[in-house]
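Visitor: Order-wise, the sequence lines are chains A and B. Taking the UniProt record's numbering, the leading residue of the first sequence gets 1, the next gets one more, and so forth. Taking the UniProt record's numbering, the leading residue of the second sequence gets 1, the next gets one more, and so forth.
2 protein chains.
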Amino acid sequence: MAPAAATATATDLPLPEQQAIWIRIRLADNRDVSIIHRLIHQMAVFERLTDLFSATESSLSTTLFPSPPLPPFRSFTVLILEISLSPIPEDESDLDFPPIVRQIALGSAVDDPEAEAFASPRGGGLVVAGFVLCFPNYSTFMARPGLYVEDLFVREAWRRLGMGRMMLSVVAREAARMGCGRVEWCVLDWNTNAIDFYEGMGAEVLQPWRICRLSGEALRSYAGNEDDRGGRI
Amino acid sequence: MAPAAATATATDLPLPEQQAIWIRIRLADNRDVSIIHRLIHQMAVFERLTDLFSATESSLSTTLFPSPPLPPFRSFTVLILEISLSPIPEDESDLDFPPIVRQIALGSAVDDPEAEAFASPRGGGLVVAGFVLCFPNYSTFMARPGLYVEDLFVREAWRRLGMGRMMLSVVAREAARMGCGRVEWCVLDWNTNAIDFYEGMGAEVLQPWRICRLSGEALRSYAGNEDDRGGRI
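1. Do the stretch 75 to 90 of chain B and the stretch 162 to 178 of chain B touch if we need at least three Cβ pairs shorter than 8 Å?
2. Here's the rule: buried if 16 or more other CB atoms are within 10 angstroms of the residue's CB, otherwise exposed. What is B:L219?
3. Mind pulling the chain A residues with CB within less than 7 Å of B:P145?
4. Take the Cβ of A:R144 as the centre, count every other Cβ of all protein chains shown within 10 Å, and call the residue buried at 16 or more, exposed below.
5. How many Å lie between B:E226 and B:S67 at the Cα?
6. Which stretch, first to last residue, makes up the beta strand (DSSP E) that contains B:D151?
7. Would you call the CB atoms of B:L106 and B:Q19 closer than 8 Å?
8. Extract the residue ranges of the beta strand (DSSP E) inside the UniProt domain "N-acetyltransferase" (71 to 226) of chain A, only unbroken runs of 3 or more that lie entirely within it.
9. What residue range does the beta strand (DSSP E) around B:L27 cover?
10. Taking only beta-carbon positions, decide if residue 248 of chain B is within less than 8 Å of chain A.
11. For the alpha helix (DSSP H) holding residue 241 of chain A, just list the boundary residues, first then last.
12. Quick check on DSSP: helix, strand or coil for A:R229?
13. Would A:R232 pass as an interface residue toward chain B - the criterion being a Cβ-Cβ separation below 8 Å?
14. So is A:E184 buried or exposed if we call it buried at 16+ other beta carbons inside 10 Å?
15. Under the rule that 16 or more other beta-carbon atoms within 10 Å means buried, what is B:A129, buried or exposed?
16. With H, G and I counted as helix, E and B as strand and the rest as coil, what does DSSP make of A:T56?
17. Using a Cβ-Cβ cut-off of 8 Å, state whether B:L152 counts as contacting chain A.
18. How would you list, in chain order, the residues of chain B whose beta-carbon sits under 8 Å from the beta-carbon of A:R177?
19. Quick check: is the beta carbon of B:N30 nearer than 8 Å to any beta carbon in chain A?
20. Taking CB distances under 8 Å as the criterion, tell me whether B:T192 reaches chain A.
21. Let me check understanding here. Comparing Cα to Cα, which of A:R182, A:S84, A:I195 lies closest to B:S215?
22. Check whether the stretch 134 to 154 of chain B and the stretch 133 to 144 of chain A are in contact - that is, three or more C-beta pairs closer than 8 Å.
23. According to DSSP, simplified to helix, strand and coil, what is A:A10?
24. Does the beta carbon of A:P136 come closer than 8 Å to any beta carbon on chain B?
25. When we look at the beta-carbon of B:A55 and count the other beta-carbons within 10 Å, is it buried (16 or more) or exposed?
26. Report, in whole angstroms, the separation of the C-beta atoms of B:A44 and A:F141, which I expect to be a contact under 8 Å.
27. Taking the alpha-carbon of A:P87 as reference, which of A:T63, A:G124, A:S169, A:G179 has the nearest alpha-carbon?
28. For a cutoff of 8 Å on Cβ pairs, would you count B:R155 as touching chain A?
29. Please say whether B:V101 and B:R24 have beta carbons closer to each other than 8 Å?
30. Sorted by chain position, which residues of the same chain lie with C-beta nearer than 7 Å to A:A119's C-beta, five sequence neighbours on each side aside?
31. Taking 8 Å as the CB-CB cut-off, is B:M142 touching chain D?
32. Would you say B:S215 lies against chain A (beta-carbon separation less than 8 Å)?
33. Can you check which of these residues, B:H41, B:S84, B:E150, is closest to B:E116 by C-alpha distance?
34. Could you check the C-alpha separation between A:S221 and A:R213 for me, to the nearest Å?
35. Looking only at its own chain, which residues have a Cβ that is under 8 Å from the Cβ of A:S169, when we skip the five neighbours before and after it?
36. Below 8 Å on C-beta distance, what does B:R220 contact in chain A?
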């Protein structure tokens, strides 16, 4: 599931004749499960991979939001991207990861036909526009953790406005501050727009490596039975 | 860092004229740091990537073996492969992951010139022959965790005896038993022996995906400064 690249750059300065909006990037929690589920489904539709989509709200809740919660970026971590047409009040209630708020200027107003369905569970008139999911990985050569970005998704109405870049930059910033050795993610080899975008952000594309995946029945065949702890070992 | 593939299959039956050995696969802990460090260095030499090798015993200890320890397979997890020429006593002291012991038969005795340097920190005449490092990853489409195998390494003397397969199978078994959706790792596209081996284990090689990596100065440029929490966001 490749992060979907936005291709324009946001600016912090509202210019005349432009539409100012406010963006918030914050930690997700269990209240966001329904919207995360719908965002993942939209991503599956976008990637034409709905046959692989089996997530439910319940399975997302169990796997992403254990109780008590784990510290952000130390386990599976979801950040939510929200949009507001008016200034967003400061909110430092999440001390582990205070929400990041930025004002940006758009060339014209954005029509979001899904705004009502994606109203933020936090209220305040905000609308959820996307999400990023990441978790720690590890480099043995560096003996340092890194962060792996499994998904980066922006709803259609809000694409090409620099929001994918903002979310990926937030992950990169946290990785840099945590002393991580690297941030990694995957991209489809034919998606030259995304590759150009990622290279523009400073990433290198590792050409010779391929991902191997063991799943489904092939994976289950290794379980063996409990008595002999055997399987195909 | 691709797991290095072993290409032969172990058998559980000692046959006449063959050399029986015993294999143990167990959880690593902080006592194994010195040997893990030397194994990673050997892997860097094997892959001709010593310029990327910056791990120290201290950085491995800090990042792999926090105190108190985390449950195996829920965070960075190292398994150690050990060899003995005599039967290995049962050891169920690690309740989270009781060591796995198997007897295998070799066509001829193995000469291991490094045996003394790689004597097991657990004693008992065992010799460390390799390791595997894995950690959880996540599939949003399945809403299920998986396991990612970052490294799989067997010292030269013990290659082509099915030991890589055994270690990878142990990871696959644990993944299957934990209800994981998949086990993943990387391979170099020109390493057709390894690809054939992995496909024989039931894995598929995902051809169109490429890994993107943000590291070094490019990553550090995202840190920004603490005052404005800014960086390149």
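C-beta: ideal position from N, C-alpha, C; glycine also. If you're wondering where the values come from, they're calculated on a predicted model, not measured in any experiment.
Guide: In brief:
1. Verdict: yes, contact present.
2. Taking the first residue of the second sequence as 1, we reach residue 219 of chain B at position 219. Burial call: buried.
3. Taking the second sequence and counting its residues from 1, one reaches residue 145 of chain B at position 145. Here the neighbours are T63.
4. Within the first sequence, numbered from 1, the residue matching residue 144 of chain A stands at position 144. Buried is the call here.
5. Sequence index remark: in the second sequence, residue 226 of chain B carries index 226 (1-based). Sequence index remark: in the second sequence, residue 67 of chain B carries index 67 (1-based). With a pLDDT of 47 at B:E226, under the threshold of 50, the predicted position of this residue should be treated as unreliable, and no value is reported.
6. Here residue 151 of chain B corresponds to residue number 151 of the second sequence, with the count starting at 1. Its beta strand (DSSP E) spans residues 144 to 154.
7. Stepping through the second sequence from its first residue, residue 106 of chain B is reached at position 106. Stepping through the second sequence from its first residue, residue 19 of chain B is reached at position 19. The answer is yes: Cβ separation under 8 Å.
8. Taken in chain order, the whole beta strand (DSSP E) runs of length 3 or more contained in the UniProt domain "N-acetyltransferase" (71 to 226) of chain A are 77 to 84, 100 to 106, 127 to 139, 144 to 154, 182 to 188, 204 to 206, 209 to 215.
9. Position 27 of the second sequence holds residue 27 of chain B. Following the DSSP letters along the chain, one finds B:L27 inside the beta strand (DSSP E) bounded by residues 19 to 27.
10. With chain B covering only 1 through 233, there is no way to say anything about residue 248 of chain B.
11. The requested residue 241 of chain A does not occur in the structure, where chain A is confined to residues 1 to 233.
12. For the purposes of this step, residue 229 of chain A is taken as residue 229 along the first sequence, with counting starting at 1. Only weak support is given to the placement of A:R229: the predicted model assigns it a pLDDT of 49, under 50, and the value that follows is read from those uncertain coordinates. Of the three classes helix, strand and coil, the one that applies to A:R229 here is coil, per DSSP.
13. Your numbering for residue 232 of chain A matches position 232 in the first sequence. Residue placement at A:R232 is poorly supported in this model, since its pLDDT is 46, which falls under 50; the coordinates still yield a value, given next. The beta carbon of A:R232 sits closer than 8 Å to some beta carbon of chain B.
14. Counted from its first residue, the first sequence places residue 184 of chain A at position 184. Classification of A:E184: buried, given that the 10 Å Cβ count is 16 or more.
15. Working through the second sequence from its first residue, we reach residue 129 of chain B at position 129. Flag for B:A129 reads buried.
16. One-based indexing of the first sequence puts residue 56 of chain A at position 56. Three-state DSSP puts A:T56 in coil, outside helix and strand.
17. Taking the second sequence and counting its residues from 1, one reaches residue 152 of chain B at position 152. Chain A, which has no Cβ nearer than 8 Å to the Cβ of B:L152, makes this no.
18. Within the first sequence, residue 177 of chain A is the residue found at index 177, counting from 1. The answer, in chain order, is A223.
19. For this step, residue 30 of chain B is matched to residue 30 along the second sequence. Not closer than 8 Å to any Cβ of chain A, the Cβ of B:N30 fails to qualify, so no.
20. Residue mapping note: residue 192 of chain B aligns to position 192 of the second sequence, counting from 1. Chain A, which has no Cβ nearer than 8 Å to the Cβ of B:T192, makes this no.
21. By 1-based counting over the second sequence, the position of residue 215 of chain B is 215. Here the closest residue by C-alpha is A:R182.
22. A contact is defined here as three or more CB-CB pairs under 8 Å, and the stretch 134 to 154 of chain B meets this definition with respect to the stretch 133 to 144 of chain A.
23. As a position in the first sequence, residue 10 of chain A is number 10, starting the count at 1. Any reading at A:A10 must be qualified, since the residue scores a pLDDT of 48, below 50, and its modelled position is unreliable; the value itself is stated next. In the structure shown, the three-state DSSP call for A:A10 is coil.
24. Here residue 136 of chain A corresponds to residue number 136 of the first sequence, with the count starting at 1. Interface residue, yes.
25. Taking the first residue of the second sequence as position 1, residue 55 of chain B is located at position 55. It is buried - the Cβ of B:A55 has at least 16 other Cβ atoms within 10 Å.
26. On the second sequence, position 44 is the one that residue 44 of chain B refers to. On the first sequence, position 141 is the one that residue 141 of chain A refers to. The Cβ separation is near 6 Å, so the contact holds.
27. The count along the first sequence starts at 1 and reaches residue 87 of chain A at position 87. The residue with the shortest Cα to Cα distance from A:P87 is A:G124.
28. Translated into positions along the second sequence, residue 155 of chain B becomes position 155. No, B:R155 lies away from the interface with chain A (no Cβ there is under 8 Å from its Cβ).
29. Taking the first residue of the second sequence as position 1, residue 24 of chain B is located at position 24. Taking the first residue of the second sequence as position 1, residue 101 of chain B is located at position 101. Contact check for B:R24 against B:V101 passes: the beta carbons are separated by less than 8 Å.
30. Start at 1 with the first residue of the first sequence, and residue 119 of chain A comes out as number 119. Correct list, in chain order: V127.
31. Absent from the structure is chain D; the protein chains it does hold are A and B.
32. Along the second sequence, read from residue 1 onward, the residue named residue 215 of chain B stands at position 215. Contact of B:S215 with chain A is assigned, a C-beta pair being separated by under 8 Å.
33. Position 116 of the second sequence, counted from the first residue, corresponds to residue 116 of chain B. Closest by alpha carbon: B:S84.
34. The residue you call residue 221 of chain A lines up with position 221 of the first sequence. The residue you call residue 213 of chain A lines up with position 213 of the first sequence. If I take the Cα positions, the gap works out to 14 Å.
35. Residue numbering aside, residue 169 of chain A sits at position 169 when the first sequence is read from its first letter. Cβ neighbours of A:S169 within its own chain (closer than 8 Å, five residues either side excluded): M201.
36. Reading the second sequence from its first residue, position 220 is the one you call residue 220 of chain B. Result: A176.
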